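**Student:** The structure's right below; bear with me while I get my questions together.
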Amino acid sequence: AGSWKRNPDGTPYSFAQLKEELIPYLVEMNYTHIEFMPLMAHPLGLSWGYQLMGYFALEHAYGRPEEFQDFVEEC
Numbered sequence: 015a016g017s018w019k020r021n022p023d024g025t026p027y028s029f030a031q032l033k034e035e036l037i038p039y040l041v042e043m044n045y046t047h048i049e050f051m052p053l054m055a056h057p058l059g060l061s062w063g064y065q066l067m068g069y070f071a072l073e074h075a076y077g078r079p080e081e082f083q084d085f086v087e088e089c
């Protein structure tokens, strides 16, 4: 998912990785809210998710819907 953190190969972190890496950082920094950029499926990474292909499908590069659900529950 969109974040300043990326994998060494340049791909975005998955929801599972964000759960492990981002949430502890946000807690440490005393953040109380998270704003997501579009998470829906999109054809072009340069669009940052604003060129949607489907309103009801998560972008596959970010992980499975179950991983997103786990991420939200952890938040």
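Take 15 as the starting number for the sequence shown in this note's numbering and just add one per residue. C-beta: ideal position from N, C-alpha, C; glycine also. In this text the structure is predicted, and so the values were computed from the model without any measurement.
1) What three-state label does DSSP hand leucine 53 in the structure shown?
2) Please confirm if the segment 67–83 is in contact with the segment 36–45, defined as three or more CB-CB distances below 8 Å between the two stretches.
3) Please name the residue or residues paired with glycine 68 in a DSSP beta bridge.
4) Determine whether the beta carbon atoms of methionine 54 and glutamate 34 lie at a separation below 8 Å.
5) Quick check: the Cα distance between isoleucine 37 and serine 17, rounded to an integer number of angstroms?
6) Tell me the rounded alpha-carbon separation between methionine 67 and methionine 51.
7) In whole angstroms, give me the CA-to-CA distance for threonine 25 and glutamine 31.
**Tutor:** On the basis of the coordinates in this document:
1) Sequence index remark: in the sequence shown, residue 53 carries index 39 (1-based). Residue state, collapsed to three classes: coil.
2) Verdict: no, contact absent.
3) Within the sequence shown, the letter at position 54 stands for residue 68. Under the DSSP definition of a beta bridge, glycine 68 partners with Ala55.
4) As a working mapping, residue 54 is identified with position 40 in the sequence shown. As a working mapping, residue 34 is identified with position 20 in the sequence shown. No, they are not a contact pair.
5) As a first step, residue 37 must be located in the sequence shown, where it is residue number 23. As a first step, residue 17 must be located in the sequence shown, where it is residue number 3. Between isoleucine 37 and serine 17, the C-alpha separation is close to 12 Å.
6) Here residue 67 refers to the residue found at position 53 when the sequence shown is read from its first residue. Here residue 51 refers to the residue found at position 37 when the sequence shown is read from its first residue. Cα-Cα distance, rounded: 15 Å.
7) Within the sequence shown, the letter at position 11 stands for residue 25. Within the sequence shown, the letter at position 17 stands for residue 31. Cα-Cα distance, rounded: 12 Å.
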